[in-house]
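See structure below.
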Amino acid sequence: MQLSRRSFFKIMGAAGASVTALPPSANAWKSKAPPDPYGCLVDLTRCVGCRKCEEACAEVNGLPTPERPNCQCIVFDKKRRPDDKAYTVVNRYFTGKLDQFDKPLPTYAKVQCMHCQDPACVSACIVGALTKDETGAVRYDATKCIGCRYCMVACPFEIPAYEYHDPITPRVIKCSFCYDRISKKGGLPGCATICPTEALTFGKRETIVKVAQKRLEENPGKYIDHVYGEKEVGGTSWLYISSVPFEKVNLPVLSDKPSPKLSETIQHSLFSYLWSPLALFGVLGALMYKSNKNQGEPENKGGY
Amino acid sequence: MEHKAGPLNKKFWTPGVLVMLVFMIAGGISILARFTGGIGYITNLTNARPWGLWVGVDVATGVALAAGGFTTAALAHIFGKHYYEPVTRPALLTAALGYTFVVLGLLVDIGRSWAIWKPIFNWNTNSVLFEVAMCVMVYLHVLYIEFIPVVAEQFKDRVNLPGPLSVFNGLIDMILKIADAILDKIMWVFIILGVVLSCMHQSSLGSLMLIAPTKLHPLWYTPILPLLFLLSAFAVGYPMVVFETTIASSSFNLDSEMNILAPLTRITVFLLGIYMFFKLGDMFVRGTYTYLLDGNYQTNSFIVEMLFGVMIPWVMLLFEKVRNSRRGVFTAASLIVGGVVLNRINVFIVGYKPPLSDNGYFPAPGEFFVTLGLIATLMFVYRLVVTWLPVLQESKEVPS
Chain C
1 MQLSRRSFFK IMGAAGASVT ALPPSANAWK SKAPPDPYGC LVDLTRCVGC
51 RKCEEACAEV NGLPTPERPN CQCIVFDKKR RPDDKAYTVV NRYFTGKLDQ
101 FDKPLPTYAK VQCMHCQDPA CVSACIVGAL TKDETGAVRY DATKCIGCRY
151 CMVACPFEIP AYEYHDPITP RVIKCSFCYD RISKKGGLPG CATICPTEAL
201 TFGKRETIVK VAQKRLEENP GKYIDHVYGE KEVGGTSWLY ISSVPFEKVN
251 LPVLSDKPSP KLSETIQHSL FSYLWSPLAL FGVLGALMYK SNKNQGEPEN
301 KGGY
Chain P
305 MEHKAGPLNK KFWTPGVLVM LVFMIAGGIS ILARFTGGIG YITNLTNARP
355 WGLWVGVDVA TGVALAAGGF TTAALAHIFG KHYYEPVTRP ALLTAALGYT
405 FVVLGLLVDI GRSWAIWKPI FNWNTNSVLF EVAMCVMVYL HVLYIEFIPV
455 VAEQFKDRVN LPGPLSVFNG LIDMILKIAD AILDKIMWVF IILGVVLSCM
505 HQSSLGSLML IAPTKLHPLW YTPILPLLFL LSAFAVGYPM VVFETTIASS
555 SFNLDSEMNI LAPLTRITVF LLGIYMFFKL GDMFVRGTYT YLLDGNYQTN
605 SFIVEMLFGV MIPWVMLLFE KVRNSRRGVF TAASLIVGGV VLNRINVFIV
655 GYKPPLSDNG YFPAPGEFFV TLGLIATLMF VYRLVVTWLP VLQESKEVPS
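Chains C and P are the protein sequences, given in the same order. If you're matching positions, the first sequence starts at 1 in our numbering and goes up one per residue. If you're matching positions, the second sequence starts at 305 in our numbering and goes up one per residue.
Here it is as structure tokens:
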């Protein structure tokens, strides 16, 4: 038993080291975000919940007409999520704010794919069916997809939806940032073309961040002093400003660390050039040679 | 100990096998429903919960419990402990069948089953799942190759195909002999490769969840999750061998193999101890013990996993009396196996709670039918193989 224990120490050491140790040569993780993407600002103080954006989105993307398109009443009674029939939905939240007659004031919040700068879904996708485009759009290519749904597990905003009732060719469904439209000069995403209260502002992300910051500066006390999406998970193409705390309108508190950083760092420090599997192969080969020689037996007689 | 592996040549159709058949039929009908009505037709999976019972049990747990294959191969063939060779064949068969059913489970679970080959040509090396998939794919073939000598041993010079196929008897025999002769020389490559590939994807299965820090409960979400998955795979390998060998030898009325199983559990004390050390250490370093008394279903599940799946069996195995008793060893091994099963279920199902849109998840009957059907089919094929191929140790005289 003594010898076996020692051998085990060795293999545990080798395996353990390969999991935890980062070789000095490993390059630090680098963001793969496009240099000059588009962005879109949602100003929650301006949104009145008319849901025209839902309608416009459905129209330009060939999706079914939204549920009760002209209703601003009972459709808000339940919290909705983007699903396989809708890229975007608007929800109503009562956050405790009161108007001058002490009646609760609603806050409306549009939700759609945030088009992260370093998207978790793109990193997770087993076949690279999801890609981050130069425009900032996170695009989906159904012809590569195998339907593993790891993108849905990975997404911190819980956005990708699935066609669960298609038995053979289901697709992942999510906002495309109207890629076909915004990649043309002057093109706008469907939702941003229609907003009657200018709650949606589309442009280069860099400009949009400045617009947001300017609004915060020029209206002291009106907004929470934070541009949501500027730094969250390394930055997103969609940005929000609000007078109520973001977590009250279902925008989660997230760290500034890009979602894929930890797993990609581990994967690449371990498996670039397959150095650790090769090293382990060598260690085990040496052990096998030694143990079989010591026992004076022909190597692995008879296999299994 | 000078026994040799041999086919069982026992009665195949027993009441137990008929029960398996019922589960297989129920599973088959459910799979038919999945491929006509879609995944949503027979599961409770939602956009918030894209992974459920099938990924948690059929895939993650299946891979973990097949760890007996590479851990016994490492012990007997790489570290040269030939004493343990009698258990390598059953462990190899379990691993080969286990991984086959992991792939079958995946085929049911993924939306576009017909596209399962696409990762071979569309690489995303940033994706943990890509690495897992590649390793599992190659390892499955390695396992099949490792099994060829077993087939060759049984059928060399005895190939006897029925009817008109008998003209191929000579050809098949020749292929078997050549394959066996070549493999005899290079089997060491596949044995080491199998261990390396196992270490890679056993750990990476844990890395899968690292991309979703807000969804997995902090009791399980840790940067060392891949290390914990690897260590638990090491720890569960021999208990799984004990578990299935004991069941097989009582079910087929074979010699008890306590003389091999008892020392295996001594190694388990060591391996399980390392796992426990890292698991508890991780909890104290990150201060997550503050959640333990929350009393909700997630934290309770963690307590059950640690207490009954790790700590109690570890303490049990410290006692020589337990290690030398067939019942004691079997109980401890079952607890460890159960603990690793619960760990995988906890990481992929119980501990997973998307904060924004979760409505709770409990598997639908259809999901259970598929999972149970796959397990029953696996046991059915195992029985089929050990009946006709030299896998288990030849039995003692059957007492009347």
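Note that beta-carbon positions come from the ideal geometry of N, C-alpha and C, so glycine has one too.
Which residues of chain C have a Cβ atom closer than 7 Å to the Cβ of residue i, listed in chain order?
i	result
P:Y345	H165
P:P354	R149, M152, V153, Y162
P:V432	S263, Q267
P:A370	Residues of chain C passing the Cβ test: none, with the nearest at roughly 15 Å.
By the 10 Å Cβ neighbour count, where 16 or more other Cβ atoms means buried, how is residue i classified, buried or exposed?
i	result
P:W427	exposed
C:L98	exposed
P:I495	buried
P:V454	buried
P:S334	buried
P:H445	exposed
P:G585	exposed
P:I424	exposed
C:C53	buried
P:V641	buried
Along chain P, in chain order, which residues have C-beta atoms closer than 7 Å to that of residue i?
i	result
C:A154	I515, A516
C:C57	Near C:C57 there are no residues of chain P at all, since even the closest Cβ is about 17 Å away, more than 7 Å.
C:S259	I515
C:R81	N351, S661
C:G285	I496
C:S243	The contacting residues do not exist; C:S243 stays about 21 Å from chain P at best.
Whose Cβ in chain B lies nearer than 7 Å to the Cβ of residue i?
i	result
P:M504	Checking the listed chains, one finds no chain B in this structure; the protein chains it contains are C and P.
Please list, in chain order, all residues of the same chain as residue i whose beta carbon is under 6 Å from its beta carbon, the five residues on each side excluded.
i	result
C:F76	R92
P:W358	G409, D413
C:A124	Y150, C151, A154
P:S502	F374
P:A636	P617, M620, L621
P:V644	A368, S536, V540
Does the beta carbon of residue i come closer than 8 Å to any beta carbon on chain C?
i	result
P:V363	no
P:H521	no
P:K583	no
P:N428	yes
P:L660	yes
P:F405	no
P:I496	yes
P:V499	yes
P:N557	no
P:L349	yes
P:I479	no
P:A419	yes
P:S334	no
For a contact meaning CB atoms closer than 9 Å, what does residue i contact in chain C?
i	result
P:G341	H165, P167
Against chain P, does residue i count as a neighbour if the rule is that its beta carbon must be under 8 Å from one of theirs?
i	result
C:S291	yes
C:A192	no
C:F271	yes
C:R92	no
C:R51	no
C:P23	For C:P23, the predicted model reports a pLDDT of 49, less than 50, meaning its position is unreliable; a value from the coordinates is still stated below. It does not; no Cβ of chain P falls within 8 Å.
C:E158	yes
C:F281	yes
C:S176	no
Mind checking who residue i pairs with in its DSSP beta bridge?
i	result
C:P106	C:F94
C:W238	C:C40
C:R139	C:T131
C:I173	C:A161
P:C503	Its beta-bridge partners do not exist; DSSP assigns none.
C:C116	C:T236
C:T201	C:L41
Looking only at its chain, what residues have a beta carbon closer than 8 Å to the beta carbon of residue i, apart from the 5 residues adjacent to it on each side?
i	result
P:K460	D477, L480, K481, D484
Against residue i, what residues of chain C qualify as contacts under a CB-to-CB distance less than 8 Å, listed in chain order?
i	result
P:R416	C145, I146, G147, I168, T169, P170
P:P712	Nothing about residue 712 of chain P can be read from this structure; chain P reaches only from 305 to 704.
P:E435	Q267, F271
For a contact meaning CB atoms closer than 9 Å, what does residue i contact in chain P?
i	result
C:M114	Per Cβ cutoff of 9 Å: no residues; C:M114 is ~12 Å from chain P at best.
C:S123	N428, N430, S431, V432, I515
Taking Cβ-Cβ distances shorter than 8 Å, what residues in chain P pair up with residue i?
i	result
C:P252	T518, P659, L660
C:N61	Residues of chain P passing the Cβ test: none, with the nearest at roughly 18 Å.
C:A120	I515, A516
Please list, in chain order, all residues of the same chain as residue i whose beta carbon is under 7 Å from its beta carbon, the five residues on each side excluded.
i	result
P:V689	L397, V695
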